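A.B. asks: Just passing along the structure, written as structure tokens.
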Amino acid sequence: MTMEFDYMALAGGAMIGAAALVLWLGLGRIAGVSGIIANSPREGSAWRWAFLLGLLGAGVVASLGGGIPDPTKPTGVMLLAGLLVGIGTVVGNGCTSGHGVCGIGRLSKRSLIATCVFMATGGITVWIWGGAV
């Protein structure tokens, strides 16, 4: 890794944390993406749609800069992985953004445990598959 890459990762993490803090302090909402998606059809959900469109828009803007590599895995593998992650967010009652970014920041024991389980499961998966997935 290069020093520039380290600073980019630090800046990205700081922006994610700042966005979560602004959403929490400004609207009293948690930036848990799975919860935002699961509850989008309700009334008073304009902030949810704005948040999701902002996520998608940021991805589009980032892709315009070049630097995003083409996928290295077949589409079926990526769809299966996405499905398994979706199932995991239901089983874990939240996702890494809700538990890892917001829950730990609020000193939630449940979120600390959930984040440890997410990380351990990810590590075990990489160990089993040898980084092939």
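Throughout, my numbering is defined as the position within the sequence shown, counted from one, plus 65.
Note that beta-carbon positions come from the ideal geometry of N, C-alpha and C, so glycine has one too.
Since the structure is predicted, the reported quantities are computational estimates derived from the model, not experimental observations.
Start and end of the alpha helix (DSSP H) containing residue 156?
C.D. replies: Its alpha helix (DSSP H) spans residues 140 to 156.
A.B. asks: Is it a yes or a no for the segment 94 to 103 touching the segment 164 to 172, going by three-plus beta-carbon pairs under 8 Å?
C.D. replies: As far as the Cβ criterion goes, the segment 94 to 103 touches the segment 164 to 172, which means the pair count is three or higher.
A.B. asks: What do you get for residue 186, buried or exposed, if any count of 16 or more other CB atoms within 10 angstroms of its CB means buried?
C.D. replies: Exposed, since its Cβ has fewer than 16 Cβ neighbours within 10 Å.
A.B. asks: Roughly how many angstroms lie between the CA atoms of residue 92 and residue 76, to the nearest whole one?
C.D. replies: If I take the Cα positions, the gap works out to 24 Å.
A.B. asks: What distance in whole Å lies between the Cβ atoms of residue 169 and residue 177, which are believed to be in contact at a cut-off of 8 Å?
C.D. replies: Rounded, the Cβ-Cβ distance is 6 Å, consistent with contact.
A.B. asks: Our contact map puts residue 134 next to residue 143 with C-beta atoms below 8 Å; I'd like the distance itself, whole angstroms only.
C.D. replies: Not really, about 13 Å apart at Cβ, beyond 8 Å.
A.B. asks: How is residue 161 classed by DSSP in three states: helix, strand or coil?
C.D. replies: It is helical.
A.B. asks: Using the beta-carbon count (16 or more within 10 Å), is residue 183 buried or exposed?
C.D. replies: Residue 183 should be labelled buried.
A.B. asks: Measuring CA to CA, which of 191, 192, 73 and 193 is closest to residue 127?
C.D. replies: That would be 73, whose Cα lies nearest to the Cα of residue 127.
A.B. asks: For residue 96, which three-state DSSP category applies?
C.D. replies: Note: residue 96 maps to coil in three-state DSSP.
A.B. asks: Do you know whose CA, among 194, 102, 131 and 130, lies nearest residue 120's CA?
C.D. replies: Selected option, being the one with the closest Cα: 102.
A.B. asks: Let me confirm a value: residue 70 is counted as buried when at least 16 other C-beta atoms fall within 10 Å, else exposed. Which label applies?
C.D. replies: When all chains shown are included, residue 70 counts as exposed.
A.B. asks: Just the C-alpha distance for residue 191 and residue 138, rounded to the nearest angstrom, thanks.
C.D. replies: One C-alpha to the other measures close to 15 Å.
A.B. asks: Whole angstroms are fine: how far does the CA of residue 155 sit from the CA of residue 86?
C.D. replies: Rounded to the nearest angstrom, the two C-alpha atoms are 24 Å apart.
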